[in-house]
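Contents: one structure, followed by commentary.
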Amino acid sequence: MTTIVVVRKDRAVAIAADTMTKWGSGKETADYVLNHGKLLQVGDTWLGLTGNATFKTILADYFARPKVKPRFDTPLAIFRTWQALHAALKSDYQLLPGGHDDEPLESTRFDALIANRHGIFGVVAHRTVQEFSRYYAFGSGSNYAMGALHALHGSRSLDAETLARRGVEAAAEFDDATGLPIDSHRITLQAGRKRMR
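Residue numbers 0 to 196, in numbering that gives the first Met the number 0, belong to the letters of the sequence shown in order.
Structure below.
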């Protein structure tokens with residue numbers, strides 16, 4: 000369980016995540032797990048993943064392959080990157096694609112938020128890609144994070160990274176599967192990049 004947040008404000012974007020892992024009623028905090036981070040850097044892009052903790056290791060391995068050339072600059076480029084990733088998850092990492100008989104597509108089994116100089120994006124398990132204009136949150140504490148972001152985003156004194164951290168803080172306060180400390184990163188938007196509508 001986790002809470003991941005992305006925020007876009009002024010000329011910057013940010014991504015933030017909690018650092019606790021939950022297994023049923025048990026929890027593993029950053030005090031006990033050294034590799035507790037849930038954010039993964041791929042070039043100049045940061046990914047935050049929900050789902051099984053193993054997915055971060057799998058994606059780190061996959062994106063480190065010399066032949067893999069991911070693109071995270073547009074929704075279509077991200078979709079194509081995720082299509083190739085899904086095929087590799089099935090063939091090389093023994094992914095058991097989830098889903099029900101009535102679902103039209105196989106599930107990749109995790110959701111991801113993406114932050115880079117091009118903007119903030121989200122990919123859900125069935126590979127729908129969205130570009131966000133202000134903020135978004137995924138994970139077990141996402142409702143709390145979204146509420147905090149809705150209330151705070153208009154504040155002129157709070158920058159993108161502070162807002163992202165506040166979203167995760169709200170989730171950690173109320174969601175028992177989200178825990179501190181917070182890992183966060185800020186990125187300056189590419190000059191001339193227009194906000195999507």
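Note that beta-carbon positions come from the ideal geometry of N, C-alpha and C, so glycine has one too.
All figures in this text were calculated on a predicted structure; none of them were measured in a lab.
- Under the three-state reduction of DSSP, Ser90 is assigned to helix.
- With fewer than 16 other Cβ atoms from the protein chains shown falling within 10 Å of its own Cβ, Lys68 counts as exposed.
- Judged by DSSP in its simplified three-state form, Leu46 adopts strand.
- Where Arg64 is concerned, there is no enclosing beta strand (DSSP E), because DSSP gives it neither an H nor an E.
- Contact annotation: the region 74 to 82 touches the region 122 to 141, with at least three C-beta pairs closer than 8 Å.
- Residue Gln129 holds the alpha-carbon nearest to the alpha-carbon of Pro74 among Trp22, Glu27, Gln129.
- The alpha-carbon of Gly138 is positioned some 12 Å away from that of Val5.
- Contact between the region 24 to 40 and the region 144 to 161 is not established, with fewer than three Cβ pairs separated by less than 8 Å.
- Cβ-Cβ distances below 8 Å link Arg10 to Thr187, Leu188 in the same chain, with the five nearest sequence neighbours on each side left out; the list follows chain order.
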